[in-house]
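Asker:
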Amino acid sequence: MRGDSIIPAAPIAYEVGASKLRESSIPSLNQIKAFLDAMPDITLLRIEVHTDSDGDSAANLQLSKMRAMSVAKELVAEGVACKRLFPVGFGEKKPIAPNDKPEEKAKNRRTEFFVATLKGKPLNNRPVDGGGESSGDPCK
876 MRGDSIIPAA PIAYEVGASK LRESSIPSLN QIKAFLDAMP DITLLRIEVH
926 TDSDGDSAAN LQLSKMRAMS VAKELVAEGV ACKRLFPVGF GEKKPIAPND
976 KPEEKAKNRR TEFFVATLKG KPLNNRPVDG GGESSGDPCK
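Using the working numbering, the letters of the sequence shown correspond one by one to residues 876 to 1015.
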């Protein structure tokens, strides 16, 4: 954990252009689950998914929301309480690198995990959505 972010050992990966998780992501999600199990005071974990700028921005936003929900559903399948997860998508809105070279675009395609609430209270009075668009309720 660094600040309010939880960083798994390996990045979360998806099938190209899809929300399906790659098998290589499961160990990282297991790490997230183990962390949450050990930290019951974390009452809400925000799952943020970002894309690069290739393609249509509306489609990128939708893809990021679907991917965030896929991560949430996998964590629920692994035993995390759905009410502890808040999946959001950002699409291409928050790049961390220029989108002009393949290696830079790859940096922008990422999944991040942030503590949204501790003991039911927003961390540092920040909005629980972090400015992203909700992917929906992972309990449904």
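Built from N, CA and C at the ideal position, the CB exists for glycine as well.
Everything numeric in this text was worked out from a predicted model, so none of it was measured.
1. Using a 10 Å radius around the Cβ and a threshold of 16 neighbouring Cβ atoms, would you call P1013 buried or exposed?
2. Can N983 and A991 be called in contact, C-beta distance under 7 angstroms?
3. Around the Cβ of I917, are there at least 16 other Cβ atoms within 10 angstroms (buried) or fewer (exposed)?
4. Which whole runs of the beta strand (DSSP E) in the region 975 to 1002 are 3 residues long or more, in chain order?
5. Applying the 10 Å Cβ sphere with the 16-neighbour rule, what's the burial state of I901?
6. When the Cα atoms are used, what is the spatial distance from A956 to E949?
7. Report yes if the C-beta distance between A943 and S1010 is below 7 angstroms; otherwise report no.
8. Do Q906 and P883 have their C-beta atoms closer together than 7 angstroms?
9. If you draw a straight line from the alpha carbon of Y889 to that of K895, how long is it in whole angstroms?
10. Tell me which residues share the same chain as G995 and place their Cβ nearer than 7 angstroms to its Cβ, disregarding the 5 neighbours each side in the sequence.
Answerer: If we stick to the structure as given:
1. The residue you call residue 1013 lines up with position 138 of the sequence shown. Burial of P1013 is indicated by the presence of at least 16 other C-beta atoms within 10 angstroms of its C-beta.
2. Taking the sequence shown and counting its residues from 1, the one referred to as residue 983 is at position 108. Taking the sequence shown and counting its residues from 1, the one referred to as residue 991 is at position 116. Contact annotation: N983 and A991 have beta-carbon atoms that are not nearer than 7 angstroms.
3. Residue 917 sits at position 42 when you count from the first residue of the sequence shown. Around the C-beta of I917, 16 or more other C-beta atoms lie within 10 Å, and the residue is accordingly described as buried.
4. Those beta strand (DSSP E) runs which fall completely within the region 975 to 1002 and span 3+ residues are 985 to 993.
5. In the sequence shown, the residue the question calls residue 901 occupies position 26. Under this definition I901 is an exposed residue.
6. Here residue 956 refers to the residue found at position 81 when the sequence shown is read from its first residue. Here residue 949 refers to the residue found at position 74 when the sequence shown is read from its first residue. The straight-line gap from Cα to Cα measures roughly 11 angstroms.
7. Reading the sequence shown from its first residue, position 68 is the one you call residue 943. Reading the sequence shown from its first residue, position 135 is the one you call residue 1010. For the 7 angstroms CB-CB criterion, A943 and S1010 form a contact.
8. Taking the first residue of the sequence shown as position 1, residue 906 is located at position 31. Taking the first residue of the sequence shown as position 1, residue 883 is located at position 8. Yes, the Cβ-Cβ distance between Q906 and P883 is below 7 angstroms.
9. By 1-based counting over the sequence shown, the position of residue 889 is 14. By 1-based counting over the sequence shown, the position of residue 895 is 20. Approximately 5 angstroms between the Cα atoms of the pair.
10. Within the sequence shown, the letter at position 120 stands for residue 995. Leaving aside the five residues that flank G995 on each side, the residues in its chain whose CB is nearer than 7 angstroms to its CB run, in chain order, T918.
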